[in-house]
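Numbering (the numbering used here), first residue to last: 356 to 655.
All C-beta atoms, glycine included, are put in the ideal place defined by N, C-alpha and C.
To start, the structure itself, in structure tokens.
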């Protein structure tokens, strides 16, 4: 009986000791995954853009009509380095606006204006006006070269990478050499292209979003860029000696703009006069260097 009692006590002691050891083992910390808030990306916003002609289209006419959808009765600004215009959507949100593009590459910006300028949405679109249509060239990609691998180019445009698959027999237009002579591409279609070259590629767009290019134009000096800028402003004083003072509605900065004989002024889509630039009037303005106004659209 004594042996049984000792055995039970010994067994209990071992179990208690093992439990004590287990309790002293370091605990695995509980990992909590923070709850994230879904962010709306620029790409997702672009997917909601409804505009014709479609971004990246190759066109054969200079005169086109932009057609799209916006909020009902919303003002839409459309401009490039070569033109500026504004229109207003109807009660159903539909709008259209005529424009004249230049031959070659066109960089166009479309701004959907809001009463709060910080909420206005701006989109940059690219078009190419060609002399004739070509079923093998319906779309255009343009931008500086980020990487080259075999016949595959990756360019960067508006913060996004775009992939170009150059056909082996793609036409490559290189910059002229210092003597003004045409350089001829040798080897593969991409062998004469360098990193940071600005490339204008014409081809067809695949379902994967990549361009199969039939032509590649290379620009090394003075690459295309958007020079025109826009601002939503409040006019602080009327025109005086071809100049007027404004407050930028986004930054609150006080800025003076000037006008000349080529400045176009519109109000309610109708031609207006310099005398209509009056204190406390709100407007949207397209301007260049030295704050010279190309286009002023006076808002209601």
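| Query | Result |
| --- | --- |
| C-beta contact flag for residue 433 and residue 457 at 8 Å | no |
| Range covered by the beta strand (DSSP E) that runs through residue 639 | 637 to 642 |
| One or two residues paired with residue 587 in a DSSP bridge | 639 |
| Where residue 544 sits in the DSSP three-state scheme | coil |
| Beta-carbon separation (whole angstroms), residue 429 vs residue 404, contact threshold 8 Å | No, residue 429 and residue 404 are not in contact; Cβ-Cβ is about 14 Å, not under 8 Å. |
| DSSP three-state assignment for residue 536, whether helix, strand or coil | For residue 536, the pLDDT reaches just 49, beneath the cut-off of 50, and the residue's location in the model is therefore unreliable, although a value from the coordinates is still provided. Residue state, collapsed to three classes: coil. |
| Close Cβ partners of residue 494 (< 7 Å) along its chain, the five nearest in sequence each way excluded | 411, 412, 413, 558, 559, 560 and 566 |
| Beta carbon of residue 585 nearer than 8 Å to that of residue 499 | no |
| Residue 645, DSSP secondary structure in three states | helix |
| Residue 485 in three-state terms, based on DSSP | coil |
| Which listed residue (604, 629 and 544) has its alpha carbon closest to that of residue 569 | 544 |
| The stretch 447 to 456 touching the stretch 418 to 428, judged by at least three CB pairs closer than 8 Å | yes |
| Under 8 Å between C-beta atoms of residue 607 and residue 597 | no |
| Whole-angstrom distance between residue 431 and residue 618, CA atom to CA atom | 19 Å |
| Beta-carbon gap between residue 632 and residue 651 smaller than 8 Å | yes |
| Cβ neighbour criterion (16 or more within 10 Å) applied to residue 649 | buried |
| Bridge-paired residues (DSSP) for residue 498 | 554 |
| Per DSSP, cross-strand counterpart(s) of residue 407 | 422 |
| Cβ neighbour criterion (16 or more within 10 Å) applied to residue 474 | exposed |
| Backbone secondary structure at residue 474 - three-state DSSP | helix |
| Rounded C-alpha distance that separates residue 641 from residue 523 | 43 Å |
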